[in-house]
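**Student:**
Set out below in structure tokens:
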């Protein structure tokens, strides 16, 4: 089974989040409330996905910081939706941009090392799964 590279998936989610917030901001400025609602809903869903997939076992302090920032951003998106103002979106983007820039700056070698570690872990999971099937445990 092939699993998508988490670095690349996260990069795509970050880009999609940035685009949806920018689109919502433009929709508010134009008075297009239906588009604003659609873009803010999608941006919120992306943030909820990012927040729900944090791995607190790897680095609890980093995971908690990201959880707090994602939660703040969700609150700001809700505020923008209720108030129909762009300032909360600017606040969310200010909180988000350092994370996106840092993610985009991860060196390719670090990405490869993380992928190799995940591949080894996945191989162990697969081997254990196959062994359990052979023993009739699954």
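Residue numbers (the numbering used here): 162 to 299.
Glycine is no exception: its CB is placed at the ideal position from the N, C-alpha and C atoms.
Less than 7 Å between C-beta atoms, sequence neighbours within five positions excluded: which residues of the same chain meet that for residue 190?
**Tutor:** The answer, listed in chain order, is 247.
**Student:** Measuring alpha carbon to alpha carbon, tell me which of 260, 209, 175 ends up nearest residue 223.
**Tutor:** 260
**Student:** Compare the C-beta of residue 276 against all C-beta atoms of chain B and say whether one is closer than 8 Å.
**Tutor:** The structure shown contains no chain B; it holds only a single protein chain.
**Student:** Do residue 208 and residue 175 come within 8 Å of each other at the CB atom, strictly closer than that value?
**Tutor:** no
**Student:** Under 8 Å, with one C-beta from each stretch per pair, do the segment 178 to 187 and the segment 200 to 220 reach the 3-pair mark?
**Tutor:** yes
**Student:** Relative to the alpha-carbon of residue 225, which residue among 238, 237, 236, 211 has its alpha-carbon at the smallest distance?
**Tutor:** Among 238, 237, 236, 211, the Cα nearest to that of residue 225 belongs to 211.
**Student:** Considering only C-alpha positions, which residue in the set 170, 277, 192 is nearest to residue 241?
**Tutor:** 192
**Student:** Spatial neighbours of residue 276 within its chain, please: C-beta separation below 8 Å, excluding the five flanking residues on both sides.
**Tutor:** 166, 168
**Student:** Give every residue of the same chain whose Cβ lies closer than 7 Å to the Cβ of residue 262, excluding the five residues on either side of it in the sequence, and list them in chain order.
**Tutor:** So no residue of the chain qualifies.
**Student:** Is it true that the CB of residue 227 sits closer than 8 Å to the CB of residue 238?
**Tutor:** Taking 8 Å as the cut-off, the beta carbon of residue 238 is found no closer than this to the beta carbon of residue 227.
**Student:** Spatial neighbours of residue 205 within its chain, please: CB distance less than 7 Å, with the 5 preceding and 5 following residues excluded, ordered by chain position.
**Tutor:** 235, 238
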